[in-house]
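Asker: I am attaching a structure below and will ask some questions about it afterwards.
Here you go:
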């Protein structure tokens, strides 16, 4: 190891590998890494001149599983008045039991003899078991978007890739196996008979399932049209008064698990729940003073065995149904949780203020008790099956990722 990173005892800082991504700006829209946990693969987006190369590496050794041919993304636009730079990203998606890697970017394509240049989100799809040093994508998909529709995002929808823009009038799903694209306008209705006229409002796709999209109504309430509705899956402690389903807000989904907040029956702190996206079933819940979890500003994680889920200051055990809130109080600091392993050991940062800097912490999911880590230790931002991922300060531009084996 070139860099000696002080880390929790669960990791060996003498065994591992590291990669620098010198092209990554301080504020970019795309995430330059992804993890396919089933295959034990870490995918990193490297830059070669004006092109990009996706490297899929073994999470334990760093050995290259496959690399891709150089990719020239569509030309990005300048985001006027923003400090954010529109950058390419990579996402891991599990669909029908198979893992894929999707490299994506938003910009203007070059057009051709018959077609004028247009604003698109381009998605290049690779099965995670591809091979060779210059693999070509199984599918190249170009999704047209409006030029002034805001920052584009692509993410794992749970049953395909979900593409959207900040101010756009639709969400788009991309099938990883076929490359097929489907459009969902914001006028798509939840359409359950129990919703009545109040449901005929704008909606947003929060996740994808085998039976349709999970829609969230702008007035509250969510579900899969014709399959399940939030009014039928109310968590314990939430309001069950008339129109109680509209007192619920779907925030975002993590690998088939939807995080939602509900008005409490006693008008106290919100009830936060995790719902299975296929059935709507409540998997875990807790009461918490948190009022909002912005999707792209909230760290989230799912343990590789699928038992533990983190979302900002919230932690859930999907087997026991327990949940924990670390939103802070008059005497305690808020904790932003970053990663959790299969044994229920979570890591995060206790937020600082004018009197103290943020401090790394460990949280036991069996007790919900946070413990400060020794001064200077770094918490992993990813907990993989055989390793942890750390991001110490880079000696130069970009970011440095260090992957250390578990003891």
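Numbering (full-length UniProt numbering), first residue to last: 1 to 407.
Glycine included, each C-beta is placed from N, C-alpha and C at the ideal position.
1. Could you check where the beta strand (DSSP E) with residue 403 kicks off and where it finishes?
2. On the DSSP letters alone, give me the boundaries of the beta strand (DSSP E) that residue 18 sits inside.
3. Can you say whether residue 144 is buried or exposed, counting buried as having 16 or more other CB atoms within 10 angstroms of its CB?
4. Tell me the start and end of each unbroken beta strand (DSSP E) in the segment 155-230 that is at least 3 residues and wholly inside, in chain order.
5. Just mark residue 210 as buried or exposed, buried being the case when its beta carbon has 16 or more other beta carbons within 10 Å.
6. Where does residue 253 land, buried or exposed, given buried means 16+ other C-beta within 10 angstroms?
7. Residue 396 by DSSP, collapsed to three states: which one?
8. Which two residues bound the contiguous beta strand (DSSP E) that contains residue 124?
9. In the DSSP output, which residue or residues are listed as bridge partners for residue 7?
10. Would you call the CB atoms of residue 3 and residue 18 closer than 8 Å?
11. Quick one, are the C-beta atoms of residue 58 and residue 405 less than 8 Å apart?
12. Mind checking residue 99: buried by the 16 CB within 10 Å criterion, or exposed?
13. Looking only at DSSP bridge pairs, what is residue 55 linked to?
14. What does a CB cutoff of less than 8 Å around residue 324 pick up in its chain, not counting 5 residues either side in sequence?
15. To the nearest angstrom, how far is it from the Cα of residue 409 to the Cα of residue 239?
16. Compute the distance between the beta-carbons of residue 389 and residue 380, then report whether it is under 8 Å.
17. Three-state secondary structure (DSSP) at residue 297?
18. State the CB to CB distance for the pair residue 222 and residue 264, rounded to an integer number of angstroms; the pair is presumed to be in contact (CB under 8 Å).
19. Using the beta-carbon count (16 or more within 10 Å), is residue 241 buried or exposed?
Answerer: Looking at the coordinates:
1. Taking the chain shown and counting its residues from 1, one reaches residue 403 at position 403. 399-406 is the span of the beta strand (DSSP E), which, as asked, contains residue 403.
2. The residue you call residue 18 lines up with position 18 of the chain shown. Here the beta strand (DSSP E) through residue 18 covers 11-21.
3. Residue 144 sits at position 144 when you count from the first residue of the chain shown. Counting Cβ neighbours within 10 Å, residue 144 comes out exposed, since fewer than 16 surround it.
4. 161-165, 170-174, 181-185, 203-209, 212-217, 222-224
5. Walking along the chain shown from the start, residue 210 turns up at place 210. Classification for residue 210: exposed.
6. Along the chain shown, read from residue 1 onward, the residue named residue 253 stands at position 253. Buried: at least 16 other Cβ atoms inside 10 Å.
7. Within the chain shown, the letter at position 396 stands for residue 396. In the structure shown, residue 396 sits in coil (DSSP, three-state: anything other than H, G, I, E or B).
8. Here residue 124 refers to the residue found at position 124 of the chain shown. Run containing residue 124: 119-127, per the beta strand (DSSP E) assignment.
9. Working through the chain shown from its first residue, we reach residue 7 at position 7. None, per the DSSP bridge assignment.
10. The residue labelled residue 3 in the question sits at position 3 within the chain shown. The residue labelled residue 18 in the question sits at position 18 within the chain shown. Yes. Within cutoff.
11. Position 58 of the chain shown, counted from the first residue, corresponds to residue 58. Position 405 of the chain shown, counted from the first residue, corresponds to residue 405. Contact: no.
12. Within the chain shown, the letter at position 99 stands for residue 99. Answer is buried; the Cβ neighbour count reaches 16.
13. Locating residue 55 in the chain shown gives position 55, where the first residue counts as 1. Paired residue(s): 44, 67.
14. Sequence index remark: in the chain shown, residue 324 carries index 324 (1-based). Within the same chain, residue 324 has close Cβ partners 286, 314, 315, 316, 363, 365, 368.
15. Because the chain in this structure spans residues 1 to 407, residue 409 falls outside the shown range and cannot be described.
16. Translated into positions along the chain shown, residue 389 becomes position 389. Translated into positions along the chain shown, residue 380 becomes position 380. It is a contact, given that the beta carbons lie within the stated cut-off.
17. Here residue 297 corresponds to residue number 297 of the chain shown, with the count starting at 1. Helix, per DSSP.
18. Translated into the one-based positions of the chain shown, residue 222 becomes position 222. Translated into the one-based positions of the chain shown, residue 264 becomes position 264. Between residue 264 and residue 222 the Cβ distance is about 18 Å, and since that is not below 8 Å, they are no contact.
19. Position 241 of the chain shown, counted from the start, is the residue given in the question as residue 241. By the 10 Å Cβ count, residue 241 comes out exposed.
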